[in-house]
Amino acid sequence: MLRILMTLEPFQEGSLTLNGMSYHETNGKGPFNASEKHLREVRRNVGMCFQSFNLFPHMTVLRNVVEAPMSVLGMRREEAEARAMDLLKMVGMEAKAHSFPGQLSGGQQQRVAIARALAMRPKVLLFDEPTSALDPELVGEVLGVIRSLAHEHDLTMLLVTHEMRFAREISDRVCFFDRGRIVEQGTPEQIFTDPQEARTRSFLASVLNGGTH
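Per the UniProt record's numbering, the sequence shown starts with residue 1, numbered consecutively.
So this is what it looks like as structure tokens:
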């Protein structure tokens with residue numbers, strides 16, 4: 001699903017709109033596949049944080065954050081660097097601005113990746129299992145940044161995660177997927193206290209009662 005939202009893969013049927021942005025175009029005969037120009041406009045409004053960080057290893061932290069705003073948005077270096085430092089401060093990585101990714105822990109790299117995504121001023125930010133590649137002791141620092149974004153910033157976020165307690169805490173809406181299809185969706189209260197589908201109940205019983213998430 002996230003790969004489709006990032007326009008990395010096409011969808012075969014139906015229509016898709018995210019935060020008012022349509023992934024198809026229409027004419028008098030109905031919807032049709034969007035042009036590359038149209039999709040570029042969509043992509044400019046959607047940010048992505050990958051589970052494997054995907055930072056450029058040969059660039060400093062600061063350069064990783066400023067590269068896209070300068071090359072894609074045409075932002076002046078001074079402006080891009082000032083914004084990057086503000087974002088790095090927000091995620092607790094200001095002191096590492098001139099370090100390279102290989103000198104950082106996994107949690108630090110993921111926080112830099114979040115700052116890099118925010119540097120493009122997205123309307124929607126996607127997270128693909130942002131803690132799955134981290135050691136358990138580093139998970140909390142990344143979840144703390146995401147929690148701050150959820151509570152303090154006007155930003156739509158779509159989070160793919162197996163951290164069920166965290167999802168319940170920060171989400172406005174929860175969708176349970178199984179084999180690529182939505183099994184059930186609703187408010188956190190509804191999904192976690194009164195799930196209607198047997199598959200949802202089974203999954204939640206497994207991960208919550210098992211005490212691993």
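Where is the CB? At the ideal position from N, CA and C, for every residue including glycine.
Could you work out which residue in the options is closest to residue i when comparing CA atoms only?
i: residue 47; options: 13, 163 and 69; result: 69
i: residue 195; options: 174, 74, 40 and 142; result: 174
i: residue 154; options: 113, 167, 122 and 53; result: 122
i: residue 145; options: 39, 37, 49 and 42; result: 49
i: residue 86; options: 60, 37 and 119; result: 119
i: residue 95; options: 73, 65, 61 and 106; result: 61
i: residue 124; options: 45, 207, 39 and 83; result: 45
i: residue 21; options: 187, 14, 38 and 12; result: 38
For residue i, count the other beta carbons within 10 Å of its own beta carbon; 16 or more makes it buried, fewer makes it exposed. Which is it?
i: residue 10; result: exposed
i: residue 97; result: buried
i: residue 193; result: exposed
i: residue 17; result: exposed
i: residue 8; result: exposed
Can you give the Cα-Cα distance for residue i and residue j, rounded to whole angstroms?
i: residue 132; j: residue 51; result: 6 Å
i: residue 56; j: residue 101; result: 7 Å
i: residue 23; j: residue 2; result: 13 Å
i: residue 215; j: residue 35; result: Absent from the model: residue 215. The displayed extent of the chain is 1 to 213, so no value can be given.
i: residue 177; j: residue 161; result: 11 Å
i: residue 80; j: residue 157; result: 23 Å
i: residue 109; j: residue 202; result: 34 Å
Once DSSP output is grouped into helix, strand and coil, what is the label at residue i?
i: residue 104; result: coil
i: residue 189; result: helix
i: residue 98; result: coil
i: residue 38; result: helix
i: residue 72; result: coil
i: residue 197; result: coil
i: residue 22; result: strand
List in chain order: all unbroken alpha helix (DSSP H) runs of 4+ residues lying wholly within the stretch 107 to 178. As far as the stretch 107 to 178 is concerned, its whole alpha helix (DSSP H) runs of at least 4 residues are 136 to 152 and 164 to 170.
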